[in-house]
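Down below is the structure, laid out as C-alpha cells.
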Amino acid sequence: MQRQVELISAAWGLGGVDPGCADAPAVLAPLLLSRLREYGIPTLPGPILRPSPTERRKQVAVSRLCSLLAAAVADSLRHGRLPCVLGGDHTCAGGTWTGVARSLRGDLGLVWVDAHMDSHTPGTSHTGRLHGMPLAWLLGQDDDPLYGLASGVLDPRHVCLVGVRSYEPEESERLARLGVRVYLMEEVRQRGLRRALDEALRIASQDTAGFGISIDLDVVTPEDAPGVAVPAEGGLGGAELARALEGIGGRPGLAAVELVEYCPRLDKGGRSAQVAVDLLAATLCGSRDDAQVVAEALDR
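Sequential numbering of the sequence shown, starting at 20, is according to our numbering.
Now the structure itself:
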C-alpha cells in the first residue's frame with residue numbers, strides 16, 4: 020500500500036534573489052493535491068510555515084523556520100507519511116533534510132537536482148545570499164549556525180548533484196575535496212539523463228537508511244520553466260526530467276521529496292507551475308502503473 024503524501028509548505032523567500040518565491044506553495048499545493056488525488060495517490064495538505072511580519076533579520080527568520088520545518092518533516096515521517104516540501108527558496112533544505120536525518124536510524128542519501136551547486140559558505144559567497152549555501156551547511160562545511168540547527172547531517176559519500184551548469188570555483192573545489200559526485204550538464208548530455216539519475220540514486224541509496232530528492236526548478240531550461248529567479252541557460256527539458264523521475268516514489272527507502280525556487284510572479288502563463296507539478300507527480304508515483312498514468316498525461 021502506498022504511503023500517504025503530506026504537502027508541507029515552506030512559504031518563504033528570505034534567502035533568495037526574489038522574495039516572491041514565498042508565494043510558490045500557495046500556487047503549487049492545490050494543483051499538486053488535485054493531480055495526485057486524480058492519480059489515486061493518497062495526499063493531504065500539511066503545515067504552512069511562513070515568516071512573522073515582525074521578523075526583520077533574515078538569518079534569524081530562516082533559522083526559526085528551518086527548525087519548525089525539521090520538526091514538521093520528522094512528525095510526518097513518524098506518522099508513516101511521505102513528506103513533500105514545497106518551497107520557497109532553497110534555504111528550506113536545511114530544515115527538510117535535518118528533519119529526515121533525525122528520523123532515520125542510519126545515514127541519509129540525497130540527490131540534489133539543480134542548475135547550481137548551492138555549496139558556498141559565508142566566507143566564499145559572492146553575493147551573501149543564503150540560498151546559495153544550504154548544501155555546504157548540510158555537509159558540515161559551515162560552522163556558522165546558519166539554521167539554528169546542528170550542521171553536517173549528510174555524508175558526502177551519499178550525496179550527488181545532477182544537472183549543474185552554473186557555479187563558482189570555490190563550490191566546485193569544495194565538493195571535489197569532499198568527494199561529492201557531481202553530474203554536470205555536459206556529462207548528463209553525453210551519458211543520458213536517465214542513466215545519470217539512476218546512477219545518482221544508486222549512490223544515494225546504497226548503504227543508507229533512506230534517501231531524498233531535492234529539485235530546484237531552475238534545473239529546467241528557462242524556455243520550459245521561466246518562473247525562477249536565477250535562470251541558467253541550457254538545462255533539462257521539463258518533460259524530459261519528469262520522465263526520468265517517474266516511479267521513484269516506489270523505490271524502497273525514499274524518505275522525502277522537495278521542490279524549490281518557483282517564483283509565481285516571474286512565470287508566464289502558468290508554464291513553470293505546470294512543470295513543477297509534473298515533476299513532483301512523476302517523482303511521487305509509487306508503481307509502474309502510476310508512472311504510466313503520468314507518462315500518458317505528459318503526452319497529452
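Every residue, glycine too, gets a C-beta built ideally from N, C-alpha and C. As the structure is a computational prediction, the values presented were derived from the model and not from experiment.
(request) Use the C-beta contact count for residue 280: other C-beta atoms within 10 angstroms, 16 or more gives buried, fewer gives exposed. (result) Residue environment analysis places residue 280 among the buried positions, since at least 16 neighbouring C-beta atoms fall within 10 angstroms of its C-beta.
(message) Let's see if you can read the secondary structure: which residues bound the alpha helix (DSSP H) around residue 301?
(response) 290-303
(request) Taking only the alpha-carbon atoms, compute the straight-line gap between residue 107 and residue 31 and give it to the nearest angstrom. (result) In this structure, the alpha-carbon of residue 107 lies about 5 Å from that of residue 31.
(message) Along the chain, where does the beta strand (DSSP E) containing residue 235 start, and where does it finish?
(response) 229-235
(request) Give the secondary structure of residue 151 by DSSP, where H, G and I count as helix, E and B as strand, and everything else as coil. (result) helix
(request) Would you list the residues sitting across from residue 179 in a DSSP beta bridge? (result) Looking at the DSSP assignment, residue 179 forms a beta bridge with 130 and 200.
(request) Measure how close the beta-carbons of residue 47 and residue 295 come, nearest whole angstrom, since I'm counting them as under 8 Å. (result) That pair is a contact at about 6 Å.
(message) Quick check: the region 288-302 against the region 260-269, are at least 3 beta-carbon pairs closer than 8 Å?
(response) The answer is yes - the region 288-302 touches the region 260-269, with three or more Cβ pairs under 8 Å.
(request) Please work out which residues of its chain come closer than 6 Å, Cβ to Cβ, to residue 123, disregarding the five sequence neighbours upstream and downstream, and give them in chain order. (result) Excluding five sequence positions before and after residue 123, the CB atoms of its chain that fall closer than 6 Å to its own CB belong to 228 and 229, given in chain order.
(message) DSSP three-state label for residue 102, please.
(response) strand
(request) Note down, in chain order, each residue of its chain lying with its Cβ closer than 8 Å to the Cβ of residue 207, except the 5 sequence neighbours on either side. (result) 181, 182, 215 and 255
(message) Can you tell me whether residue 130 is buried or exposed? The criterion is at least 16 other CB atoms within 10 Å of its CB, across all chains shown.
(response) buried
(message) Rounded to whole angstroms, what is the Cα-Cα separation between residue 336 and residue 267?
(response) The structure shown does not extend to residue 336, since the chain is modelled only from 20 through 319, so no value can be given for it.
(request) With DSSP as the reference, please indicate the residues paired to residue 275 in a beta bridge. (result) 231
(message) Rounded to the nearest angstrom, what separates residue 313 and residue 274 at their Cα positions?
(response) The predicted position of residue 313 is uncertain, since its pLDDT is 49 and thus under 50; no value can be drawn from it.
(request) Taking only the alpha-carbon atoms, compute the straight-line gap between residue 128 and residue 173 and give it to the nearest angstrom. (result) Each residue's alpha carbon lies about 7 Å from the other.
(request) Could you check the C-alpha separation between residue 310 and residue 271 for me, to the nearest Å? (result) Interpretation of residue 310 is limited by its pLDDT of 48, a score under 50 that renders its predicted location unreliable; no figure is taken from the coordinates.
(request) Return the first residue and the last residue of the beta strand (DSSP E) that residue 62 is part of. (result) Run containing residue 62: 62-68, per the beta strand (DSSP E) assignment.
(request) Let me know the secondary structure DSSP gives residue 52 once reduced to three states. (result) Helix, per DSSP.
(request) Could you work out which residue in 176, 152 and 41 is closest to residue 170 when comparing CA atoms only? (result) 152
(message) Taking the beta carbon of residue 76 as the centre, do at least 16 other beta carbons fall within 10 Å, making it buried, or is it exposed?
(response) When all chains shown are included, residue 76 counts as exposed.
(message) Counting beta carbon pairs with one atom in the region 67-85 and one in the region 33-45, are three or more of them shorter than 8 Å?
(response) yes
(request) Answer with buried or exposed for residue 193, where buried requires no fewer than 16 other C-beta atoms within 10 angstroms of its C-beta. (result) buried
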